[in-house]
Each structure stands twice: as C-alpha cells, then as structure tokens.
Amino acid sequence: MKQVLSFLVVLNLIWLGATLPAMSAELAKEKVLMVFLFDPECQITCDKVRPAVRELKDQYSKSVSYVEIDSSDAASKVSKELADKNRILWFYNDNLKFVPVVGFFTPAGKCLKYLTGAKSKSVYTSALKKAMATK
Numbered sequence: 005m006k007q008v009l010s011f012l013v014v015l016n017l018i019w020l021g022a023t024l025p026a027m028s029a030e031l032a033k034e035k036v037l038m039v040f041l042f043d044p045e046c047q048i049t050c051d052k053v054r055p056a057v058r059e060l061k062d063q064y065s066k067s068v069s070y071v072e073i074d075s076s077d078a079a080s081k082v083s084k085e086l087a088d089k090n091r092i093l094w095f096y097n098d099n100l101k102f103v104p105v106v107g108f109f110t111p112a113g114k115c116l117k118y119l120t121g122a123k124s125k126s127v128y129t130s131a132l133k134k135a136m137a138t139k
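Letter by letter, the sequence shown follows residues 5 to 139 of the working numbering.
Here it is as structure tokens:
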C-alpha cells in the first residue's frame with residue numbers, strides 16, 4: 005500500500021511539473037509586456053526611468069509582464085537570448101543605440117508604443133493603460 009501511495013505521489017509531482025510551466029506560459033500570453041532597454045553606462049537618464057517603470061510593474065503586476073534588457077556589448081549574448089525569448093529581438097536590435105527605451109507590447113507580441121529618453125511616470129502610465137486596453 006505504501007508503495008502504491010508513493011508511486012501516486014511521484015506521478016502527481018511529475019504531472020504538476022509538466023503542467024505548471026505551461027500554465028504560467030499561458031498566463032504570460034495574456035499579459036501586456038513592458039520592456040525597459042538600458043545601458044549600464046547610461047546612469048543619469050536610465051536611472052530616471054527605472055524607478056518609474058518598476059513602480060508600474062509592481063502596481064500592474066497582474067496585467068503586465070516586465071523585462072529589463074541590458075544593451076551593452078558585454079551583455080549582448082544574454083540580452084539577445086532574452087529578447088528572442090520574449091519575441092522582441094527586432095525591438096532590441098533596432099533600439100540598441102537609443103537607450104533608455106521603454107516598449108509596450110500586446111500579449112500577441114505587437115509593439116503598440118515605445119518611448120525613448122526619460123519621460124514622466126504619467127507618460128509611461130498612460131502608454132501602459134492604453135496597451136492594457138488594447139490587449
């Protein structure tokens with residue numbers, strides 16, 4: 005009896021392990037993606053943007069997925085992989101030299117808006133709300 009019970013527990017854990025990533029991927033598909041493209045050398049401007057977009061990420065966490073991507077040469081391999089994973093490699097490649105950039109994407113991956121340079125939190129909020137209404 006203990007062996008059967010142990011087997012069922014293990015089987016259940018295997019099943020959960022197989023389905024949880026799929027469920028989280030499905031949930032991510034329903035969220036708007038907000039991307040912050042930065043360079044570590046861009047301290048003044050990028051450091052003005054980061055707190056605003058992180059606050060929005062926290063405030064709208066149920067509706068928004070958030071990714072920060074480093075555009076520096078040193079991080080290019082990892083950053084390209086991250087951009088590719090999020091289906092925004094073209095956005096990464098097109099905006100490498102224009103940091104900081106904040107992009108807003110539908111769950112299907114369509115870019116709705118991107119903002120270059122430092123903007124006020126209200127500008128980012130407005131763009132995010134429009135993106136959430138579009139999804």
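Idealized CB from N, CA, C, for every residue including glycine.
Check                                                                                                               : Outcome
Other residues of its chain near residue 52: CB distance less than 6 Å, five sequence neighbours each side excluded : 122
Candidates 96, 103 and 47, of which the one nearest residue 86 by Cα                                                : 96
Enclosing beta strand (DSSP E) for residue 48 [first to last residue]                                               : From DSSP, residue 48 is part of no beta strand (DSSP E) but of the alpha helix (DSSP H) over 47-63.
DSSP-derived helix/strand/coil call for residue 100                                                                 : coil
Cα-Cα separation between residue 129 and residue 60, rounded to whole angstroms                                     : 7 Å
Buried versus exposed call for residue 68 [16 or more other C-beta atoms within 10 Å across all chains shown]       : buried
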